[in-house]
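Visitor: Each residue of the sequence shown is one higher than the last, beginning at 1 in full-length UniProt numbering.
First, the structure itself, so that you have it in front of you.
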Amino acid sequence: MSATLYIVATPIGHLGDMSPRALDTLRGAAAVCAEDTRHTRQLLAHFGIERPLLALHQHNEDAQVAQLVQRLLAGESLALVSDAGTPLVSDPGFRLVRAARAAGIPVSPVPGACAAIAALSVAGLASDRFAFEGFLPAKAGARRERLARLASEPRTLIFYESAHRIEESLADMVTAFGTDRPAVLARELTKLFETVLDGSLGELRERVAADPNQRKGEFVLIVEGAGDDADAKIIEGRRLYAKLAEHLPPSTAAKLAAELSGAPRKALYGG
């Protein structure tokens, strides 16, 4: 290998998804930059690979970039991996990539698994245009505000979500997008308990609430876009409702949002 920064995708669950090229790249790199070195050490050990590991995560990336670029400029090749899937997709690494490119160092992708694309491929929703939103904000107010801004987005929306927030996020999506908006919930993709549920957002919320197993694991939520002919009044009404509901009872918030936007009250609250 010449001095190159390789961005190496790893499996999101099924180890059989590790590509031969990814294995060769990891074997040939001077060191592997990993989000969690303990996790990556187990992955490499499974494939019989022994390489020095360097921690690179959201808390130390700024401090580590200069040192890593110097190693690349000195002629070493490095591989960057995340805990699972394609690096930089809701994971750290873009600062290193940007610095390496600015220094004239080749940056080469070694493609493979990506949970967002895997979920989109089986969702049965429009995939010609989509917007990846990653993880929503953890705080309820910021999450609702983000969703309200996305209510009129015509492209298919892709979100990541954790087990301890999936119910809250589905409830907030029902409020922002409406109970009837088609969606798909992909859980534990490529793993033993993989499930892919489809239906309306309201139906998915009910299924997750009724089945504790559907609240475990890692989630990708795909939501159909609003469409180019989305009702502007309803979209504005839902945006207003999301803000007012932070401070007022739901029924009162819906009544005020309906009056201000001209949208039917039923479209904003309870449906």
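A virtual CB, placed ideally from N, CA and C, is assigned to each residue, including glycine.
Can you tell me where the alpha helix (DSSP H) with L147 in it begins and where it stops?
Guide: Locating residue 147 in the sequence shown gives position 147, where the first residue counts as 1. 140-150 is the span of the alpha helix (DSSP H), which, as asked, contains L147.
Visitor: Starting from residue 278, trace the beta strand (DSSP E) both ways and give me its first and last residue.
Guide: Nothing about residue 278 can be read from this structure; the chain reaches only from 1 to 271.
Visitor: For L135 and S82, which I take to be in contact (beta-carbon distance under 8 Å), what is that distance rounded to the nearest angstrom?
Guide: Residue mapping note: residue 135 aligns to position 135 of the sequence shown, counting from 1. Residue mapping note: residue 82 aligns to position 82 of the sequence shown, counting from 1. Position check: residue 135 holds Phe in this sequence, whereas Leu was assumed. No, F135 and S82 are not in contact; Cβ-Cβ is about 14 Å, not under 8 Å.
Visitor: Since E133 and I105 should fall inside the 8 Å C-beta cutoff, what is the C-beta to C-beta distance between them, to a whole number of angstroms?
Guide: Residue 133 sits at position 133 when you count from the first residue of the sequence shown. Residue 105 sits at position 105 when you count from the first residue of the sequence shown. Contact flag wrong, Cβ pair sits at about 30 Å.
Visitor: DSSP puts L53 in a beta bridge; with which residues?
Guide: As a first step, residue 53 must be located in the sequence shown, where it is residue number 53. According to DSSP, L53 bridges with V32.
Visitor: Quick one: grab the DSSP three-state call for T190.
Guide: For the purposes of this step, residue 190 is taken as the residue at position 190 of the sequence shown. DSSP places T190 in coil when its eight states are reduced to three.
Visitor: If I measure Cβ to Cβ from D62 and keep anything under 8 Å in the same chain, skipping five residues before and after, which residues do I get?
Guide: Here residue 62 corresponds to residue number 62 of the sequence shown, with the count starting at 1. Contacts found: R95.
Visitor: Is it right to say E161 is buried, meaning 16 or more other beta carbons lie within 10 angstroms of its own, or is it exposed?
Guide: The residue labelled residue 161 in the question sits at position 161 within the sequence shown. Looking at its Cβ environment, which holds 16 or more other Cβ atoms inside 10 Å, E161 is buried.
Visitor: What are the boundary residues of the beta strand (DSSP E) that A131 is part of?
Guide: Working through the sequence shown from its first residue, we reach residue 131 at position 131. Segment 130-135, the beta strand (DSSP E) holding A131.
Visitor: Is it right to say S152 is buried, meaning 16 or more other beta carbons lie within 10 angstroms of its own, or is it exposed?
Guide: Sequence index remark: in the sequence shown, residue 152 carries index 152 (1-based). When all chains shown are included, S152 counts as buried.
Visitor: Measure from the alpha carbon of G93 to the alpha carbon of each residue in P137, D36, A148, A45, then state which is nearest.
Guide: For the purposes of this step, residue 93 is taken as residue 93 along the sequence shown, with counting starting at 1. Checking every option, the nearest Cα to that of G93 belongs to D36.
Visitor: Hey, how far is the Cα of A103 from the Cα of G75?
Guide: The residue labelled residue 103 in the question sits at position 103 within the sequence shown. The residue labelled residue 75 in the question sits at position 75 within the sequence shown. Approximately 13 Å between the Cα atoms of the pair.
Visitor: Just reading off the beta strand (DSSP E) that I158 is part of, what are its end residues?
Guide: Working through the sequence shown from its first residue, we reach residue 158 at position 158. Its beta strand (DSSP E) spans residues 156-161.
Visitor: Assuming contact is defined by CB atoms lying nearer than 8 Å, are K255 and R265 in contact in what I supplied?
Guide: Reading the sequence shown from its first residue, position 255 is the one you call residue 255. Reading the sequence shown from its first residue, position 265 is the one you call residue 265. Yes.
Visitor: Does the beta-carbon of E50 have 16 or more other beta-carbons within 10 angstroms, so that it is buried, or is it exposed?
Guide: Here residue 50 refers to the residue found at position 50 of the sequence shown. Flag for E50 reads exposed.
Visitor: Restricting to runs no shorter than 3 residues, where is the beta strand (DSSP E) found entirely within the stretch 55-123?
Guide: Fully enclosed beta strand (DSSP E) runs of 3 or longer: 78-81, 107-110.
Visitor: If distances are taken between C-alpha atoms only, which option among D128, H164, A148 comes closest to residue 290?
Guide: A question about residue 290 goes unanswered here, because the residues of the chain that appear run from 1 up to 271.
Visitor: Pick helix, strand or coil for G271, following the three-state DSSP scheme.
Guide: By 1-based counting over the sequence shown, the position of residue 271 is 271. Residue placement at G271 is flagged as unreliable, the pLDDT there being 46, under the threshold of 50; the coordinate-derived value follows with that caveat. Correct three-state label for G271: coil.
Visitor: Within this structure, are the beta carbons of A258 and G237 separated by less than 8 Å?
Guide: Position 258 of the sequence shown, counted from the first residue, corresponds to residue 258. Position 237 of the sequence shown, counted from the first residue, corresponds to residue 237. Contact: yes.
Visitor: Apart from the five residues just before and just after A22, which ones in its own chain have a Cβ nearer than 8 Å to its Cβ?
Guide: The sequence position of residue 22 within the sequence shown is 22, counting from 1. Taken in chain order, the residues that qualify are V8, A9, T10, V110, G112.
Visitor: State the Cα-Cα distance for the pair L260 and K243, rounded to the nearest angstrom.
Guide: One-based indexing of the sequence shown puts residue 260 at position 260. One-based indexing of the sequence shown puts residue 243 at position 243. Their Cα atoms are separated by approximately 13 Å.
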